[in-house]
Every structure is written in structure tokens, then in C-alpha cells.
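The structure appears right after this line, and notes come after that.
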Amino acid sequence: MNEQDKFGDSISGNVSGNISGNVAVGKSITQTQNIGTRQEVTEEDRATLQQLLSALTAQISAEAPADKKDAALERIEELKETITDEKPDLTTMEYIKNWFGKNLPQLAGYVVGVLVNPVVGKVVEATGEIAAGEIKKRFGQ
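Numbers in my numbering are just positions in the sequence shown, counted from 1, shifted up by 92.
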């Protein structure tokens, strides 16, 4: 008696809990994932990124209260480093966003605006470590 004779054509599956990703139940399943080719970061992209980060520094410097200005500018320097690092760290980016949300909520929008900017997604994605979609998932838009 072969396996099919023992169990027939019955196929069942039970999926529960906090699930993320694909689930497939069946006899003959084919799954494919098409990932687009990463775009090359151009000099124009790098210049745009530098302009974004410079503008963010200027906004924070001009609008942060004196008692929190130094700490805020330190977070912005940390953000610049992680965005332009060989392997950007989304956890650090998220920490900085949250720091502004907690300490300077009136300025947090500036930080989020930079984080969700398409050029930031492109630069971070180009490292091959992080998909731009993950940035959108964590920071919105």
C-alpha cells in the first residue's frame, strides 16, 4: 500500500497565531518571489541625501529648545552616520525617531520626513541589507 492509499487525497492545514509571511498547503505548490533589481545610487542621490540631512540639522538647530538642542543635534549626527553607514541600522533609526517623539514631539515630523524620503530608502536599500519596504513599514508612508 502506498502513502496516497493510506491517507487518500485529503489535505488540511491549521495556521494560527501571529503569522507573517507566506503559508501554503497543498499537493503541488510553487512559490516565486520577484525582487526588482536594486537601483544604483547616483551622485545626484548622494547630493540630495546630504541636502536632506543638512536641512534637518538646520531645522533642529533653529527650532529645538536650548535645554535640548545639544542632545537633539547629537541624535541627528547619529542618524546621519547610520543612514550613510555601510550597513544602516533600522533599530538606531527607530530609536532616534522615538527619541524625538518623546523629547521633542514638535520636531519629530522633520525626522520622520527624512526617514521616509525615497532617496533615503534607495540609499539604505542599495546596501543590500535592508529593503526600502522595511523602512516604510517601520516609519510609515
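Each residue gets a CB set at the ideal place from its N, CA and C atoms; glycine is no exception.
Counted within 10 angstroms of its Cβ, other Cβ atoms place R167 as buried (16 or more) or exposed: Looking at its Cβ environment, which holds 16 or more other Cβ atoms inside 10 Å, R167 is buried.
Taking the beta carbon of P197 as the centre, do at least 16 other beta carbons fall within 10 Å, making it buried, or is it exposed? Residue environment analysis places P197 among the exposed positions, since fewer than 16 neighbouring C-beta atoms fall within 10 angstroms of its C-beta.
Practice prompt. Return the CA-CA distance between A158 and D181, expressed in angstroms with no decimal places.
Written response: Using only the alpha carbons, I get a separation of about 29 Å.
Handout entry: Helix, strand or coil at A164 [DSSP, three-state]
Key = Reduced to three states, the DSSP call for A164 is helix.
### Contacting residues, own chain, Cβ-Cβ under 6 Å from T140 (five flanking each side not counted)
Same-chain partners within the cutoff: V211.
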